[in-house]
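Report on the following structure.
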Amino acid sequence: MNTRFLIPALLSLGLAQAVPPPAPYGALPDAAQIAIQDMETYAFVHFTTNTFTGKEWGYGDESPSIFNPTDFDVDQIVGSIAKAGFKGVILTCKHHDGFCMWPTKTTAHSVAQSPWKDGKGDMVKEFSAAAKRAGIKFGVYLSPWDRNNATYGTPDYIKLYRAQLTELLTNYGDVFAVWFDGANGGDGFYGGKREKRGIDRTSYYDWPATWALVRKLQPKASLFSDVGPGTRWIGNERGIAGYPCWATYTPATSNGEKPGPGMPMKDLGTGTPDGTAWIPGEVDVSIRPGWFWHESENGKVRSPKNLLNLYFNSVGHGATFLLNIPPDRRGRLNEADVAALEGYKKALDQLFSKNFADGAKATADQNRGKGFEAAKVLDTDKATYWAAPDGTKTAALELALPEARTFDVIRLREPIQLGQRVRKFAVDVRQNGTWSEWIGNGSSIGHQVLLPGKPVTADGVRVRILESAASPCLAEVSLWKMPDDVPDSLAKADPTAALKKGWKVTSSFETKDHPAAAAIDGNPATFWCTHDAEKGEQGPPQSITLDLGKTEKLAAATFLPRQDGTTHAVVDRYRLEWSADGQAWSSPQEGEFSNIRANPIEQRVDLPAGTSARYLRFTALHVLEKNNVTLAEIGVVLAK
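So in the UniProt record's numbering, spot 626 of the sequence shown is number 626, and the numbers just go up one at a time.
Right, here's the structure in full:
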């Protein structure tokens, strides 16, 4: 046989069959963004002086002497996080109060002045080392706002802030994420001035230069803020990404001003199809109502089922999931939090214990060619993918299962190194030889979409790409089944619920539809309101007075803002007084409800030790928006 012509012919045939990959489309992720999206879940640890004061936002005048965890165990904290499947941990190295959790050279307001480890401790070092031991990554949160520092609001503070960043990014090993909070400017201690300081949020920090410093010191780190550039805030602290949730985003404000951290941004929850930049969403939420540990919330920890729902509403929508688990005053995770994490991990393991697409045969009506076959969606390798020919905008990919199987969840992935391409899709199932739509109205896919549907028993699954901005590609099609019997509650009964039956309430103004009595009816969906249809808005100050029916020993008062999703008329500054007889009142105690816009949870105001009272008078001094006052519930915490 003459092989002189056969071998070149075969080589020529192989070359002819070689197909180039599709051209990337639109905004693309960088290596750090791909890495953090592949992590999927990581944990926040809020731990500072607030843990010991009971506040959510410290004012900046807290003494370092109060920071002294009594039984600190960093491996219990980080180990519990790692065992629950989280791939990283981010420590609040400095929150808004300015207290630094490492012995910084930039300020005396740090752990070096605390009694913990006789002032020789370094919490950042502890967490960085523990993360390494646990096999997960370490990240840092450094609040741009500093309510303690006298230079805040001046150019000198920017130098100090970047010096703090430099310390954190050069002394503690690799950092996978740097987290920049959007809360900036306002009332604070500021070196004893006790004043309000405003800044231009779009220019004061010179964010491009600050981000460049991070990239120089930690080139593999992803940068978080309201506008990225690595990941973006999802726009709420409830743990929910919108759907669709595009990884691409065009930063824009709702008021037409320049975009920036802390500005009112548009479309954070959904992103922007064909956005100018790849800035995937990050869902940040706490396992408790508050971000810091509060003893009163030990019975309000999220259940395993709730945490699993958060996973579906974050990772399952294409975002990442950042769950806060705050240590208590011992310096350990509370037992209730650990139990919730264990239940969540058990449920997640059960969910992904069996891929019901294993053994299937994949075919497609549109194929690009060799190297991009439909079977690539079954190989569990994100780097390989099925691709349709150039110019194709619709396609169908079918899985023939070995036999009829029961499932209720589908996961799809795009190869995000090529951009986010698919715009609309639907999923059909084949039962007894007949195809029917199972999931409709699919839109964004990106890194992944995890969609639950009704349980079905089928021997075929078909993904129909109905619209694509560029030739469609899929890296994965997999089928799963929701876990059974996931615990839905770890909460304890409200100890004051029975007491409310004997309470009475009056107010400075009320309406027929929203009377003062709504604030003690135990229903968070109803609320007291001072906006009357005929008389119009009745603005602050407005007061509501609670009569407990008898004198009680009180530890705290609680206030729940309206829970209907709007911030209109939500109180953020208040005055509180108490009385034994309703005639002689205590000295007024004024304060703020920090972070209530982003996290409208029940607010707790601690009362001085030994307080006994029958009456509480709450006066709203300022609201977030509009010119009236609302309050869903008022309550008390009885002293032990």
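No residue lacks a Cβ here, since even glycine has one placed at the ideal position from N, Cα and C.
These figures come from a predicted structure and were not determined experimentally.
*So, residue 458 versus residue 431, is the Cβ gap smaller than 8 Å?*
yes
*Might you give, ordered along the chain, the residues of its own chain that have their beta carbon closer than 8 Å to the beta carbon of residue 165, omitting 5 neighbours on each side?*
142, 178, 210, 213, 214, 217
*Return yes when the Cβ of residue 557 is within less than 8 Å of the Cβ of residue 529, no when it is not.*
no
*Should residue 133 be labelled buried (16 or more other beta-carbon atoms within 10 Å of its own) or exposed?*
exposed
_4 or more residues per run - each alpha helix (DSSP H) lying fully within the region 182-242_ = 207-217
*Please go through the same chain and pick out, in chain order, the residues whose beta-carbon is closer than 6 Å to the beta-carbon of residue 445, but skip the five residues on each side of it.*
412, 414, 422
*For residue 493, which residues of its own chain have a beta-carbon under 7 Å away from its beta-carbon, when the five flanking residues on both sides are left out?*
Note on residue 493: pLDDT 48, under 50, position unreliable in the model; no value is reported.
*Compute the distance between the beta-carbons of residue 453 and residue 439, then report whether it is under 8 Å.*
yes
*Relative to the C-alpha of residue 522, which residue among 510, 486, 559 is closest?*
559
*Straight-line gap, residue 628 to residue 510 (C-alpha atoms, nearest Å)*: 11 Å
*Which same chain residues, not among the five before or five after residue 273, have their C-beta less than 6 Å away from its C-beta?*
246
*Using the C-alpha atoms, what's the distance from residue 323 back to residue 43?*
5 Å
*asked:* In whole angstroms, give me the CA-to-CA distance for residue 597 and residue 637.
replied: 24 Å
*Over the uninterrupted alpha helix (DSSP H) stretch that includes residue 314, give me the two end residues.*
304-314
*asked:* Tell me the rounded alpha-carbon separation between residue 74 and residue 575.
replied: 39 Å
_Within 10 Å of its beta-carbon, does residue 137 have 16 or more other beta-carbons around it, so buried, or fewer, so exposed?_
buried
*Out of 129, 580, 102, 48, state which residue places its alpha-carbon closest to the alpha-carbon of residue 95.*
48
*So is residue 631 buried or exposed if we call it buried at 16+ other beta carbons inside 10 Å?*
buried
*Does the region 288-301 come within contact of the region 253-263, defined as at least 3 CB pairs closer than 8 Å?*
no
*Round the Cβ separation of residue 407 and residue 480 to the nearest angstrom and send it over; I've been treating them as touching at under 8 Å.*
6 Å
_Extent of the continuous beta strand (DSSP E) run through residue 404_ = 395-413
*Out of 626, 543, 622, which has the shortest C-alpha to C-alpha gap to residue 537?*
626
*If you check the beta carbons only, do residue 443 and residue 424 fall under 8 Å apart?*
yes
*asked:* Distance check for residue 308 and residue 86, CA to CA, integer angstroms please.
replied: 13 Å
*Report the residue from 325, 195, 285 whose alpha carbon sits nearest the alpha carbon of residue 238.*
285
*Helix, strand or coil: which one does DSSP assign to residue 138?*
strand
_Once the 5 residues before and after residue 387 are set aside, which same chain residues still bring their CB inside 6 Å of it?_
22, 368, 372, 473
*Ignore the nearest five residues each way along the sequence and tell me which others in residue 603's own chain have a CB closer than 8 Å to its CB.*
558, 559, 560, 561, 593, 596
*Between the Cα of residue 69 and the Cα atoms of 100, 51, 58, which residue gives the shortest distance?*
51
*Taking residue 45 as the reference, give the member of 173, 326, 232 with the closest Cα.*
326
*asked:* Just to confirm, is the Cβ distance from residue 185 to residue 198 under 8 Å?
replied: yes
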